[in-house]
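Asks: In the UniProt record's numbering, the protein residues as written are 1 to 105. The structure is given below, and queries will be raised subsequently.
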């Protein structure tokens with residue numbers, strides 16, 4: 001299980017290079033891997049999907065995970081190389097942030 005956070009406004013390509021380096025270092029293509037975090041990217045996950053595909057991983061679609069008075073977006077990520085039936089994801093409202101929590105089991 002690996003956590004990731006990319007700050008808003010930081011370079012997406014650099015962030016994805018770091019994610020790729022980490023996935024390579026842990027041998028994600030050879031063992032069950034879950035990547036959870038916030039890539040701070042609204043709606044366009046094309047680049048992330050391309051990076052994940054190198055490790056036989058995919059992003060699981062989530063309901064909105066950042067909720068403000070004016071918007072609801074799904075910017076948090078749960079990515080894995082497990083089959084979808086092998087992982088259970090709960091999106092929970094913790095009330096401590098404008099982001100929900102993702103509980104994986």
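From the three backbone atoms N, C-alpha and C, an ideal C-beta is built for every residue, glycine too.
For the candidate residues 90, 11, 62 and 81, whose alpha-carbon lies nearest to that of residue 75?
Replies: Position 75 of the chain shown, counted from the start, is the residue given in the question as residue 75. Among 90, 11, 62 and 81, the Cα nearest to that of residue 75 is on 62.
Asks: Would DSSP call residue 76 helix, strand or coil?
Replies: On the chain shown, position 76 is the one that residue 76 refers to. Looking at residue 76 - three-state DSSP - the assignment turns out to be strand.
Asks: Quick one: grab the DSSP three-state call for residue 21.
Replies: Sequence index remark: in the chain shown, residue 21 carries index 21 (1-based). The answer is helix: DSSP assigns residue 21 an H, G or I state.
Asks: Within its chain, find whatever has a CB closer than 7 Å to the CB of residue 98; leave out the 5 residues flanking it on each side and keep chain order.
Replies: As a first step, residue 98 is located in the chain shown; it is residue number 98 there, counting from the start. Cβ neighbours of residue 98 beyond the five flanking positions: 66, 67 and 68.
Asks: What is the DSSP secondary structure of residue 101, reduced to helix, strand or coil?
Replies: For the purposes of this step, residue 101 is taken as the residue at position 101 of the chain shown. Looking at residue 101 - three-state DSSP - the assignment turns out to be strand.
Asks: Name the DSSP bridge partner or partners of residue 38?
Replies: Taking the first residue of the chain shown as position 1, residue 38 is located at position 38. Answer by DSSP bridge pairing, in chain order: 5 and 76.
Asks: Identify the residues that DSSP records as bridge partners of residue 107: which are they?
Replies: The shown model of the chain, from 1 to 105, leaves out residue 107, and the question about it has no answer.
Asks: Consult DSSP for residue 29 and reduce its assignment to one of helix, strand or coil.
Replies: Along the chain shown, read from residue 1 onward, the residue named residue 29 stands at position 29. Looking at residue 29 - three-state DSSP - the assignment turns out to be coil, as it is neither helix nor strand.
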